[in-house]
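Have a look at the structure below, then the notes.
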Amino acid sequence: MSSKNLRSDINYCWPTAEVAVMGAEGAVAILYKGHPDIKEKEAEYKEKFGNPYYIARKGFVEDVIEPRTTRRRLCKDLEMLENKRLQNPSKKHGNIPL
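At position 79 of the sequence shown the residue is numbered 79 (UniProt numbering), and the sequence of numbers has no breaks.
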């Protein structure tokens, strides 16, 4: 449960993942309150935002992986990151001596 915004190295999701702040039913109830075709809007919302391939296209995850390949993929990527050097961002200002 991380993201690139939190400086994680690699992000994956399974094809069954629902990546959203809230469920489709609650989001549609807020966005389309009083709309006559609420079920249709819920289906549209699930297709667009409840789809892991959408967030992969947007670049929020590296790949959508099958559950059976998860262990192999994690081991491979942990080996890749084994010698990673952490670099903190440079500071704009030094500490003022008081």
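For each residue, glycine too, the CB sits at the ideal point set by N, CA and C.
Quick caveat, the model's predicted, so the values are computed rather than measured.
Taking DSSP as the reference, what is the three-state secondary structure of D77? D77 falls in the helix class under three-state DSSP.
Where the alpha helix (DSSP H) containing K39 begins and where it ends: Start and end: I38 to F49.
Is the stretch 2–9 touching the stretch 41–49, taking contact as three or more C-beta pairs under 8 Å? With a cut-off of 8 Å, the stretch 41–49 and the stretch 2–9 do not count as touching, because too few Cβ pairs lie within range.
Determine the direct distance from the alpha carbon of I96 to that of Y12, and round the result to whole angstroms. Those two C-alpha atoms are separated by around 42 Å.
Whose CA, out of A29, T70 and G94, lies closest to the CA of P15? The residue from A29, T70 and G94 with its alpha-carbon nearest to that of P15 is T70.
State the beta-bridge partners of residue 99 as determined by DSSP. The chain is shown from 1 up to 98; residue 99 falls before or after that span and cannot be answered.
Taking 7 Å as the cut-off, is the CB of V28 close to at least one heavy atom of the ligand MN? In the structure shown, the ligand MN is absent, as is every other ligand, since no ligand is present at all.
Starting from G94, trace the alpha helix (DSSP H) in both directions and tell me its first and last residue. It is not in any alpha helix (DSSP H) - G94 carries neither H nor E in the DSSP assignment.
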